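Asker:
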């Protein structure tokens, strides 16, 4: 056996072109995720290299029949030998002559150029570092499957807390923007990040304190350097947060950071003119519900009848001045419940029943508490209050202080606006959109305006340059077409029941 071999292709189990086993030499070892390579001489073809990744390692006594034989073997009474067998899943065959590795052929651990060849790193024109393997060497993604060239979108799944979904998504963005893979595209590439878990993401432009730690700092910097990345914070970041409730100064509703954050809201004039009412009903609902027709009817009336009143975003409808979302809701309620059919019909539709109107009003009134802070006409207009990705590379929208309904409203409106902007601008810069808790916005069942926006991004966003980075605890609860259109799937720690779902069929059996 050659000196650099770790074992031989085992002959106790069938070898196939896609899977084979390795008998590990006594003085060697193989661990999970190790990359190995073996060579077979094929007549008329020449040497064929079969590379693969170790997916399982087993050790057993050869010669033992019963579990209790271990004691006899240990005492030297029974003859036996310890043998380790590693299962290998094939990753590459070069040249592509799919023949099984022959038993008895030497197997060596792949390093350097052989490792890069085994994992197709040598075929990647633009590599994005995503971390290090168990062997301490870098692992890369092909940028062409991230930037829309050959695929797009990323799906990250795992249980809350220990799966580090948000941390990985941010590291991926850091690697994309700072690793040099984008080349000239980096100038126009941007990221839109929706933050729903605390205020941690409001400090993306600050250095990590652990880097300055005398114990951890050097090792962390060395790890970043090995991946070809600077150990630095994001340089160009803009932050948006909702205004503080009942505060007429428009102060951002955050506590940990008091500067560098712009408050965001929509004026009543924008709410009416852009027909944003449908996003106030962003909960997933049964498509058979009839009140959706009232939503479209009311939204149309607001667009046609609402007139700007002043410079603070207030509106005037039929001579009535409205300065708050609650006043707008009350006005619509009066129109829909008016006993005079000639007054009610233009707002509800000519044949809409009372039950349908009441269903609409119940849902509209339930949105009051959620949306009154971010839809208003009582704050002085500010040029920086509209959420926009212009002016900075990373845009963070803090939503953690908003109710879930308001979070869905913000995500839906912002994504729809960015999609429309990209359509108007044509092909050009990339926009990476990071959404946590994706199952809230695009659940498997039901339909909603925000779900339709996300589906549109998943199905044709690649051609527009909009790349979705979605994180969720359970991919099985997310709309199938969104998960299916993700070229890159990342999995952290999973609940055992969730791991058995079809969405994780790409994983090897554990």
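Numbering (the working numbering), first residue to last: 4 to 513. Here a beta-carbon is modelled for each residue, glycine too, at the ideal position from N, C-alpha and C. Keep in mind the model is a prediction, meaning the values are calculated, not measured.
In chain order, what are the residue ranges of uninterrupted alpha helix (DSSP H) at least 4 long that sit wholly in the stretch 444-501?
Answerer: Listed in chain order, the complete alpha helix (DSSP H) runs (minimum 4 residues) inside the stretch 444-501 are 452-467, 483-487.
Asker: Does DSSP classify residue 46 as helix, strand or coil?
Answerer: As a position in the chain shown, residue 46 is number 43, starting the count at 1. The answer is coil: DSSP assigns residue 46 none of H, G, I, E or B.
Asker: I'd like to confirm the pairing. Which residues does DSSP put opposite residue 363 in its beta bridges?
Answerer: To locate residue 363, count along the chain shown from 1; it is residue 360. Beta-bridge pairing links residue 363 to no other residue.
Asker: Using beta-carbon positions only, say whether residue 226 and residue 135 come within less than 8 Å of one another.
Answerer: Taking the first residue of the chain shown as 1, we reach residue 226 at position 223. Taking the first residue of the chain shown as 1, we reach residue 135 at position 132. Cβ atoms of residue 226 and residue 135: closer than 8 Å.
Asker: Taking its Cβ as the centre, do 16 or more other Cβ atoms sit within 10 Å of residue 299, making it buried, or is it exposed?
Answerer: Stepping through the chain shown from its first residue, residue 299 is reached at position 296. That one is exposed.
Asker: Cα-Cα, which of 337, 484, 315, 272 is closest to residue 306?
Answerer: Stepping through the chain shown from its first residue, residue 306 is reached at position 303. Of the candidates 337, 484, 315, 272, the one whose C-alpha sits nearest the C-alpha of residue 306 is 272.
Asker: Could you pull the start and end residues of the alpha helix (DSSP H) that residue 178 belongs to?
Answerer: Taking the first residue of the chain shown as position 1, residue 178 is located at position 175. Per DSSP, residue 178 belongs to the alpha helix (DSSP H) from 168-181.
Asker: Under 7 Å from any heavy atom of the ligand NAD, does the C-beta of residue 11 make it?
Answerer: Absence of the ligand NAD is noted for the structure shown, with no ligands found whatsoever.
Asker: How is residue 264 classed by DSSP in three states: helix, strand or coil?
Answerer: Stepping through the chain shown from its first residue, residue 264 is reached at position 261. It is a strand residue.
Asker: So for residue 22, helix, strand or coil by DSSP?
Answerer: Here residue 22 refers to the residue found at position 19 of the chain shown. Reduced to three states, the DSSP call for residue 22 is strand.
Asker: Specify whether the stretch 35-50 and the stretch 109-117 touch according to this definition: at least 3 beta carbon pairs, one from each stretch, less than 8 Å apart.
Answerer: Yes: at least three Cβ pairs fall under 8 Å.
Asker: Where does residue 122 sit, in a helix, a strand or coil, going by DSSP?
Answerer: As a working mapping, residue 122 is identified with position 119 in the chain shown. Here residue 122 sits in coil by DSSP.
Asker: Where in the stretch 82-120 do unbroken runs of the beta strand (DSSP E), each at least 3 residues long, occur, reported from the N-terminal end onward?
Answerer: List check, beta strand (DSSP E) in window: 84-97, 109-112.
Asker: If you compare alpha carbons, which of 129, 140, 138 is closest to residue 147?
Answerer: As a first step, residue 147 is located in the chain shown; it is residue number 144 there, counting from the start. If we check each option's Cα against that of residue 147, 129 comes out closest.
Asker: Within the same chain, show all residues whose beta-carbon is closer than 6 Å to that of residue 75, passing over the 5 residues directly before and after it, in chain order.
Answerer: One-based indexing of the chain shown puts residue 75 at position 72. Taken in chain order, the residues that qualify are 81.
Asker: Who does residue 199 pair with in a DSSP beta bridge?
Answerer: One-based indexing of the chain shown puts residue 199 at position 196. Per DSSP, none; premise fails for residue 199.
Asker: Are residue 89 and residue 27 close, meaning C-beta to C-beta below 8 Å?
Answerer: Residue numbering aside, residue 89 sits at position 86 when the chain shown is read from its first letter. Residue numbering aside, residue 27 sits at position 24 when the chain shown is read from its first letter. Closer than 8 Å, so yes.
Asker: Roughly how many angstroms separate the alpha carbons of residue 132 and residue 199, rounded to a whole number?
Answerer: On the chain shown, position 129 is the one that residue 132 refers to. On the chain shown, position 196 is the one that residue 199 refers to. Rounded to the nearest angstrom, the two C-alpha atoms are 26 Å apart.
Asker: In whole angstroms, what is the alpha-carbon distance linking residue 494 and residue 87?
Answerer: As a first step, residue 494 is located in the chain shown; it is residue number 491 there, counting from the start. As a first step, residue 87 is located in the chain shown; it is residue number 84 there, counting from the start. C-alpha separation (whole angstroms): 28 Å.
Asker: Looking only at C-alpha atoms, which of 69, 97, 61 sits nearest to residue 52?
Answerer: Locating residue 52 in the chain shown gives position 49, where the first residue counts as 1. Checked all of 69, 97, 61; the closest Cα to residue 52 is 97.
Asker: Could you tell me if residue 165 is buried or exposed, where buried requires 16 or more neighbouring beta carbons within 10 angstroms of its beta carbon?
Answerer: Here residue 165 refers to the residue found at position 162 when the chain shown is read from its first residue. Looking at its Cβ environment, which holds fewer than 16 other Cβ atoms inside 10 Å, residue 165 is exposed.
Asker: Measuring only the C-alpha atoms, how far is residue 73 from residue 64?
Answerer: Along the chain shown, read from residue 1 onward, the residue named residue 73 stands at position 70. Along the chain shown, read from residue 1 onward, the residue named residue 64 stands at position 61. Distance between the alpha carbons of residue 73 and residue 64 is about 8 Å.
Asker: How about residue 331 and residue 364: do their beta carbons lie closer than 8 Å?
Answerer: The count along the chain shown starts at 1 and reaches residue 331 at position 328. The count along the chain shown starts at 1 and reaches residue 364 at position 361. No; because the gap between Cβ atoms is not below 8 Å, this pair is not in contact.
Asker: From this set, 375, 61, 468, which residue's C-alpha is nearest residue 156's C-alpha?
Answerer: For the purposes of this step, residue 156 is taken as the residue at position 153 of the chain shown. Closest option to residue 156, Cα to Cα, is 468.
Asker: Can you look up residue 401 in the DSSP assignment and give me helix, strand or coil?
Answerer: Against the chain shown, residue 401 aligns to sequence position 398. Strand, per DSSP.
Asker: Mind checking whether residue 435 and residue 470 have CB atoms under 8 Å apart?
Answerer: Here residue 435 corresponds to residue number 432 of the chain shown, with the count starting at 1. Here residue 470 corresponds to residue number 467 of the chain shown, with the count starting at 1. Yes, the pair counts as a contact, with Cβ atoms nearer than the cut-off.
Asker: Provide the residue span of the alpha helix (DSSP H) that contains residue 332, from first to last.
Answerer: The sequence position of residue 332 within the chain shown is 329, counting from 1. Counting along the chain, the alpha helix (DSSP H) containing residue 332 begins and ends at 328-340.
Asker: Closest to residue 472 by CA distance: which of 352, 20, 94, 179 is it?
Answerer: Here residue 472 refers to the residue found at position 469 when the chain shown is read from its first residue. The candidate whose alpha carbon is nearest that of residue 472 is 179.
Asker: Between which two residues does the alpha helix (DSSP H) harbouring residue 76 extend?
Answerer: Position 73 of the chain shown holds residue 76. Per DSSP, residue 76 belongs to the alpha helix (DSSP H) from 72-77.
Asker: Tell me whether residue 343 is buried or exposed, calling it buried when 16 or more other Cβ atoms sit within 10 Å of its Cβ.
Answerer: If you number the chain shown from 1, residue 343 lands on position 340. With fewer than 16 Cβ atoms within 10 Å of its Cβ, residue 343 is classed as exposed.
Asker: What number of angstroms, rounded off, separates the C-alpha of residue 406 from the C-alpha of residue 240?
Answerer: One-based indexing of the chain shown puts residue 406 at position 403. One-based indexing of the chain shown puts residue 240 at position 237. About 25 Å.
Asker: Mind checking who residue 438 pairs with in its DSSP beta bridge?
Answerer: In the chain shown, the residue the question calls residue 438 occupies position 435. Beta-bridge pairing links residue 438 to 197, 473.
Asker: What does a CB cutoff of less than 6 Å around residue 58 pick up in its chain, not counting 5 residues either side in sequence?
Answerer: By 1-based counting over the chain shown, the position of residue 58 is 55. So the list reads 90, 92, 511, once near-sequence residues are dropped.
Asker: Taking just the CA atoms, how far does residue 187 sit from residue 440?
Answerer: By one-based count along the chain shown, residue 440 stands at place 437. By one-based count along the chain shown, residue 187 stands at place 184. In a straight line, the C-alpha of residue 440 is about 32 Å away from that of residue 187.
Asker: Suppose you measure from the CA of residue 281 to the CA of residue 452; what does that come to, to the nearest Å?
Answerer: Position 278 of the chain shown, counted from the first residue, corresponds to residue 281. Position 449 of the chain shown, counted from the first residue, corresponds to residue 452. C-alpha separation (whole angstroms): 7 Å.
Asker: On a CA-only basis, which of 256, 274, 101 is nearest residue 20? Give me that one, please.
Answerer: Numbered from 1 along the chain shown, position 17 holds the residue referred to as residue 20. The shortest Cα separation from residue 20 among 256, 274, 101 belongs to 101.
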